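Quick note: the sequence shown uses this note's numbering, first residue 520, plus one each step. For every residue, glycine included, the Cβ atom is placed at its ideal position computed from N, Cα and C. Just so you know, these numbers come straight off a predicted model, no measurement behind them. So the structure is just underneath, and the comments pick up after that.
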Amino acid sequence: MSTHEHTPILQVNGLEVYYGAFQAVRNVSFEVKPGEIFGLLGPNGAGKTSTLSAIEGLIRFRSGHITVAGHDVRQKPLYARANMGVQLQSTSFQAELTITEIIRLYAGIYGVNMTAEQILAVLAEIQLADAAGKRYGQLSGGQQQRVSLVIATIHDPSLVLLDEPTTGLDPQSRRQLWERIEAIREKGHGVLLTTHSMEEAESVCDRIAIIDHGTIVAIDTPAELIQRHRHDPEVISASRKGRITLEDVFIGLTGRTIRS
Ligand SMILES: Nc1ncnc2c1ncn2[C@@H]1O[C@H](COP(=O)(O)OP(=O)(O)OP(=O)(O)O)[C@@H](O)[C@H]1O
């Protein structure tokens with residue numbers, strides 16, 4: 520393996536995010552390696568979106584360092600951004616444009632030249648070739664999610680950031696989306712995602728970090744986390760399936776209280 524393959528695609532060190540006097544992220548550190556799907560899991564309000572927003576350069580952070588493909592997001596924001604793809608919420612797109620127009624628009628923004636045939640080929644890959652002339656607003660939620668993932672990866676970024684990518688999708692759309700996410704991993708790129716589905720995280724993520732009240736409370740492979748915490752009394756009492764799952768470990772580590 521060359522040195523390049525060892526270099527993390529994303530490095531977050533000692534990240535601290537404040538909103539006024541309120542501290543949302545506390546000394547968060549982790550890295551995403553090439554060819555890795557990394558899941559950031561945590562209850563509502565734990566600090567997942569704040570962490571993603573800091574990486575994306577959408578919010579200022581008080582302290583810490585973040586590098587994307589070796590570029591410091593504060594010192595070299597344009598280089599860092601050129602190396603990342605962010606899945607935007609479906610509401611970010613102009614509903615009256617056709618999906619062909621939207622893909623052409625974003626390809627232009629990212630400086631990627633795409634012929635009409637290439638756009639059709641991309642749409643065929645996500646089973647939307649027949650809908651090429653449809654307005655974005657007429658697509659179903661699952662179809663919109665597929666288009667937004669295509670747009671996030673149009674410039675072949677080395678890091679892809681996905682905030683709850685499968686929320687609201689039916690099993691078929693969910694499966695297809697995971698296949699596309701796994702294809703990004705196969706290329707040796709890195710994926711950082713948030714999800715509330717412990718089942719998905721357990722089956723798809725190579726490593727996960729559990730974050731609670733802005734702090735990382737555990738970080739490892741799903742199998743290793745289950746192994747390490749399987750005898751914790753809180754984990755055993757959370758267990759409902761006769762075997763310990765990632766969800767049991769998650770509830771054991773973050774508690775049963777519902778967050779506001
Ligand atoms: N713009 C803001 N101003 C003030 N407080 C904020 C702001 N954005 C987030 N917060 C607070 O920061 C904390 C972390 O929020 P964040 O959205 O990062 O959590 P999350 O883990 O993504 O939650 P969820 O799973 O509900 O999306 C929460 O207490 C939230 O209320």
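Between residue i and the rest of its own chain, which residues show a CB-CB distance below 6 Å, the 5 nearest in sequence each way excluded?
i: Met-633; result: Ala-626
i: Ile-735; result: Val-547 and Ala-728
i: Ser-692; result: Gly-661
i: Asp-751; result: Gly-771
i: Gly-630; result: none
i: Val-666; result: Ile-618
i: Ala-599; result: Val-587, His-590 and Val-592
i: Thr-776; result: none
Using only the alpha-carbon positions, how far apart do residue i and residue j sit?
i: Ala-640; j: Ile-621; result: 15 Å
i: Gly-539; j: Ala-601; result: 30 Å
i: Val-624; j: Ile-673; result: As written in the sequence, residue 624 is Leu, which differs from the Val given in the question. When rounded, the distance between both Cα atoms is 11 Å.
i: Gln-542; j: Ile-628; result: 34 Å
i: Ala-671; j: Lys-595; result: 20 Å
i: Val-754; j: Glu-718; result: 16 Å
i: Ser-521; j: Gly-604; result: Reliability fails at Ser-521, whose pLDDT of 47 lies under 50, so the model's placement of it is uncertain and no value is given.
i: Thr-713; j: Glu-683; result: 5 Å
i: Thr-568; j: Ile-528; result: 19 Å
i: Gln-637; j: Ala-643; result: 10 Å
i: Val-551; j: Gly-561; result: 18 Å
i: Val-669; j: Ala-565; result: 28 Å
i: Ile-763; j: Gly-774; result: 16 Å
i: Ala-573; j: Arg-581; result: 10 Å
i: Asp-675; j: Gly-761; result: 43 Å
i: Ile-703; j: His-732; result: 30 Å
i: Glu-615; j: Val-723; result: 35 Å
i: Asp-649; j: Leu-680; result: 28 Å
i: Glu-705; j: Leu-678; result: 13 Å
Could you please give the first and the last residue of the uninterrupted beta strand (DSSP E) stretch that includes residue i?
i: Val-605; result: 603-605
i: Gln-530; result: 529-538
i: Thr-747; result: Note that residue 747 is Arg in the sequence shown here, rather than Thr. Per DSSP, Arg-747 belongs to no beta strand (DSSP E); it is in the alpha helix (DSSP H), 741-748.
i: Ile-763; result: First-last for Ile-763: undefined, no H or E at that position.
i: Ala-728; result: 726-731
So the alpha helix (DSSP H) residue i belongs to, where does it begin and stop?
i: Arg-545; result: Taken as a continuous stretch (DSSP letters only), Arg-545 belongs to no alpha helix (DSSP H), being part of the beta strand (DSSP E) at 541-551.
i: Tyr-625; result: 618-628
i: Ile-755; result: 752-757
Who are the near neighbours of residue i in its chain, counting only those whose CB is closer than 7 Å to its CB and skipping five residues on each side?
i: Gly-707; result: Pro-553 and Gly-554
i: Arg-778; result: Pro-562, Asn-563 and Gly-564
i: Pro-653; result: The sequence given here places Lys at residue 653; Pro does not occur at that position. Cβ neighbours of Lys-653 beyond the five flanking positions: Thr-617 and Ile-618.
Within the same chain, show all residues whose beta-carbon is closer than 8 Å to that of residue i, passing over the 5 residues directly before and after it, in chain order.
i: Thr-570; result: Val-531, Leu-534, Val-536, Val-544, Val-547, Leu-559 and Ile-730
i: Ile-578; result: Val-536, Ser-569 and Ser-572
i: Ala-651; result: Thr-617, Ile-618, Thr-619, Ile-638, Leu-639 and Leu-642
Cβ of residue i less than 9 Å from any chain C Cβ?
i: Thr-617; result: The structure shown contains no chain C; it is built from a single protein chain.
Length-filtered (3 minimum) beta strand (DSSP E) runs lying within the stretch 638-715: The qualifying runs are 678-682 and 709-713.
Stretch pair the stretch 747-762 + the stretch 567-587: three plus CB contacts closer than 8 Å: no
Segment contact flag, the stretch 556-565 with the stretch 717-730, C-beta cutoff 8 Å, min 3 pairs: Flag = yes, the stretch 556-565 and the stretch 717-730 touch.
At least three beta-carbon pairs within less than 8 Å, the stretch 684-694 to the stretch 654-663: yes
Entirely enclosed beta strand (DSSP E) segments - the stretch 548-586, minimum 3 residues: 556-560
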